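**Q** Residue numbers (my numbering): 21 to 355. No residue lacks a Cβ here, since even glycine has one placed at the ideal position from N, Cα and C. If you're wondering where the values come from, they're calculated on a predicted model, not measured in any experiment. Got a structure for you, questions after.
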């Protein structure tokens with residue numbers, strides 16, 4: 021169930037709806053598409069109220085997870101389908117079909133049928149068919165979730181390239197954080213029927229609006245603390261004074277939650293001089309160029325740290341370390 025959602029996108033903008041299952045993102049997309057009607061409020065397109073306009077008259081293109089291609093039509097015929105329904109002139113139809121086949125890299129497959137294509141190729145056909153009608157809004161409902169990882173990455177890059185070339189306003193529903201953050205101009209993070217933050221991917225990642233966004237987007241360690249010196253941006257964590265620029269807006273002694281991304285953590289050996297949180301390395305997880313270390317601090321609090329794998333060798337499991345971070349790295353929220 022949606023709860024007073026207010027969302028607006030600019031012409032040519034790529035917006036992602038991101039959130040866990042059941043948060044309302046697909047319901048919101050279906051309301052925009054005209055498949056469902058809201059109990060209250062309006063849906064407007066280019067300034068016009070389309071709340072009561074049937075889906076087939078909204079001039080929107082839609083791409084589904086399951087492709088939904090016509091199995092008895094060839095690639096070219098699938099792309100041409102919407103243009104025929106709109107009685108577009110034949111010359112224009114054929115020019116658009118050729119343009120889209122070339123744009124999607126499907127020219128060699130124009131006469132093949134859906135069952136003769138890979139999943140990625142079928143999704144390209146579905147995208148081309150949606151774009152053929154020159155939609156005012158392109159709606160993408162989990163279009164890549166049925167594809168394997170390598171094809172998914174390749175196709176999302178192509179979708180972004182094509183969206184930039186066509187400048188079609190696009191709304192994407194996804195539960196994949198990497199997909200949403202890498203492809204969108206702005207991301208609407210949804211939780212329990214509400215949009216809890218709507219901003220650029222960088223802002224959402226580095227400056228989450230609340231604890232849900234901070235824990236849902238990417239990996240982060242949540243630490244409990246208290247503002248020690250709001251003027252200088254100092255918080256106390258486990259009895260240790262730590263820098264946190266974003267604590268400056270709070271009064272002294274305010275209980276706060278401190279969220280720190282693992283890539284922001286810097287490690288030194290515990291016997292080296294300096295400030296920081298002391299702890300013991302209990303686990304290594306190898307990710308290739310980086311390795312994630314789990315560090316147990318006082319009171320069994322666990323901190324994540326991502327460092328270069330070559331440097332991780334200097335902090336083996338069982339070693340005592342001291343963790344620190346730049347002052348502007350932690351996000352500080354009221355407890």
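When you compare the stretch 316-334 with the stretch 203-213, are there three or more beta-carbon pairs, one atom per stretch, that lie closer than 8 Å?
**A** no
**Q** Could you tell me if residue 23 is buried or exposed, where buried requires 16 or more neighbouring beta carbons within 10 angstroms of its beta carbon?
**A** Taking the chain shown and counting its residues from 1, the one referred to as residue 23 is at position 3. In summary, residue 23 is exposed, with fewer than 16 beta-carbon neighbours lying within 10 Å of its beta-carbon over all protein chains present.
**Q** Going by CA-CA distance only, name the one from 253, 70, 249 that's closest to residue 53.
**A** Against the chain shown, residue 53 aligns to sequence position 33. The candidate whose alpha carbon is nearest that of residue 53 is 70.
**Q** Is residue 331 buried or exposed, if buried means 16 or more other CB atoms sit within 10 Å of its CB?
**A** Along the chain shown, read from residue 1 onward, the residue named residue 331 stands at position 311. By the neighbour-count rule (16 or more Cβ atoms within 10 Å), residue 331 is not buried but exposed.
**Q** Can you confirm whether the stretch 129-143 touches the stretch 56-75 when touching is taken to mean that 3 or more C-beta pairs between the two stretches lie within less than 8 Å?
**A** no
**Q** In the structure shown, what three-state DSSP assignment does residue 282 receive?
**A** Residue numbering aside, residue 282 sits at position 262 when the chain shown is read from its first letter. Reduced to three states, the DSSP call for residue 282 is helix.
**Q** Quick one: any contact between the stretch 304-318 and the stretch 266-281, if contact means 3 or more CB pairs under 8 Å?
**A** no
**Q** Cα-Cα, which of 328, 306, 259, 334 is closest to residue 297?
**A** For this step, residue 297 is matched to residue 277 along the chain shown. Among 328, 306, 259, 334, the Cα nearest to that of residue 297 belongs to 259.
**Q** For the putative contact between residue 234 and residue 228, defined by C-beta atoms under 8 Å, what is the C-beta separation to the nearest angstrom?
**A** The sequence position of residue 234 within the chain shown is 214, counting from 1. The sequence position of residue 228 within the chain shown is 208, counting from 1. Residue 234 to residue 228, Cβ: 4 Å. Contact.
**Q** Can you grab the Cα-Cα spacing for the pair residue 122 / residue 25, in whole Å?
**A** On the chain shown, position 102 is the one that residue 122 refers to. On the chain shown, position 5 is the one that residue 25 refers to. One C-alpha to the other measures close to 39 Å.
**Q** Is residue 254 helix, strand or coil when you go by DSSP?
**A** Stepping through the chain shown from its first residue, residue 254 is reached at position 234. In the structure shown, residue 254 falls within a strand segment according to DSSP collapsed to helix, strand and coil.
**Q** Go to residue 122, then tell me how far its alpha helix (DSSP H) extends in each direction, as first and last residue.
**A** Your numbering for residue 122 matches position 102 in the chain shown. Start and end: 110-124.
**Q** Is it buried or exposed for residue 39, if we count other Cβ within 10 angstroms and need 16 for buried?
**A** What you label residue 39 is simply residue 19 of the chain shown in a count that begins at 1. Buried: at least 16 other Cβ atoms inside 10 Å.
**Q** Roughly how many angstroms separate the alpha carbons of residue 98 and residue 108, rounded to a whole number?
**A** Translated into the one-based positions of the chain shown, residue 98 becomes position 78. Translated into the one-based positions of the chain shown, residue 108 becomes position 88. Taking the straight line joining both Cα atoms gives about 15 Å.
**Q** Taking only runs of the beta strand (DSSP E) that begin and end inside the stretch 145-197, which ones reach a length of at least 3 residues, in chain order?
**A** 157-161, 190-194
**Q** Can you name the residues that DSSP bridges to residue 276?
**A** The count along the chain shown starts at 1 and reaches residue 276 at position 256. Bridge partners of residue 276: 245, 354.
**Q** Are the beta-carbon atoms belonging to residue 215 and residue 27 less than 9 Å from one another?
**A** Counted from its first residue, the chain shown places residue 215 at position 195. Counted from its first residue, the chain shown places residue 27 at position 7. Result yes, Cβ atoms of residue 215 and residue 27 sit closer than 9 Å.
**Q** Quick check: the Cα distance between residue 164 and residue 247, rounded to an integer number of angstroms?
**A** Here residue 164 refers to the residue found at position 144 of the chain shown. Here residue 247 refers to the residue found at position 227 of the chain shown. Cα to Cα, residue 164 sits roughly 44 Å from residue 247.
**Q** At the level of alpha carbons, what is the spacing between residue 144 and residue 151?
**A** Counted from its first residue, the chain shown places residue 144 at position 124. Counted from its first residue, the chain shown places residue 151 at position 131. Computed Cα separation, rounded: 10 Å.
**Q** Which class does residue 89 belong to by DSSP, given the choice of helix, strand or coil?
**A** Your numbering for residue 89 matches position 69 in the chain shown. Residue 89 falls in the coil class under three-state DSSP.
**Q** If I follow the unbroken alpha helix (DSSP H) through residue 330, where does it start and stop?
**A** Position 310 of the chain shown, counted from the first residue, corresponds to residue 330. Segment 329-332, the alpha helix (DSSP H) holding residue 330.
**Q** I need the DSSP call for residue 75, collapsed to helix, strand or coil.
**A** Taking the chain shown and counting its residues from 1, one reaches residue 75 at position 55. Residue state, collapsed to three classes: helix.
**Q** Once you ignore the five residues that flank residue 242 on each side, which residues in its own chain have a CB closer than 8 Å to its CB?
**A** Working through the chain shown from its first residue, we reach residue 242 at position 222. If you ignore the 5 residues before and after residue 242, its C-beta comes within less than 8 Å of the C-beta of 231, 234, 235, 277, 278, 279, all in its own chain and listed in chain order.
**Q** Give a yes or no on whether the minimum CB-CB distance between residue 66 and chain C is below 9 Å.
**A** No chain C is part of this structure, which consists of one protein chain only.
**Q** Output needed for residue 184: all residues of its chain with C-beta closer than 6 Å, excluding positions within five of it in sequence on either side, in chain order.
**A** Locating residue 184 in the chain shown gives position 164, counting from the first residue. Taken in chain order, the list of residues that qualify is empty.
**Q** Taking its Cβ as the centre, do 16 or more other Cβ atoms sit within 10 Å of residue 302, making it buried, or is it exposed?
**A** Locating residue 302 in the chain shown gives position 282, where the first residue counts as 1. Per the 10 Å Cβ criterion, exposed.
**Q** Can you give the Cα-Cα distance for residue 282 and residue 342, rounded to whole angstroms?
**A** In the chain shown, residue 282 corresponds to position 262, counting from 1. In the chain shown, residue 342 corresponds to position 322, counting from 1. Taking the straight line from one Cα to the other gives about 14 Å.
**Q** For residue 166 versus residue 139, is the C-beta spacing smaller than 9 Å?
**A** Locating residue 166 in the chain shown gives position 146, counting from the first residue. Locating residue 139 in the chain shown gives position 119, counting from the first residue. Their beta carbons are under 9 Å apart, which means residue 166 touches residue 139 by this criterion.
**Q** Tell me the rounded alpha-carbon separation between residue 94 and residue 142.
**A** On the chain shown, position 74 is the one that residue 94 refers to. On the chain shown, position 122 is the one that residue 142 refers to. Straight-line Cα distance between these residues: approximately 11 Å.
**Q** Apply the 10 Å Cβ neighbour rule to residue 110 and answer buried if 16 or more other Cβ atoms are within range, or exposed otherwise.
**A** In the chain shown, counting from the first residue as 1, residue 110 sits at position 90. Exposed: under 16 other Cβ atoms inside 10 Å.
**Q** Which same chain residues end up closer than 8 Å to residue 292 when comparing Cβ atoms and leaving out the 5 residues on each side of it in sequence?
**A** Within the chain shown, the letter at position 272 stands for residue 292. So the qualifying residues of the chain are 342.
**Q** Nearest-angstrom Cα distance between residue 51 and residue 115?
**A** On the chain shown, residue 51 is found 31 positions in, with the first residue counted as 1. On the chain shown, residue 115 is found 95 positions in, with the first residue counted as 1. Answer to the nearest angstrom: the Cα atoms are 33 Å apart.
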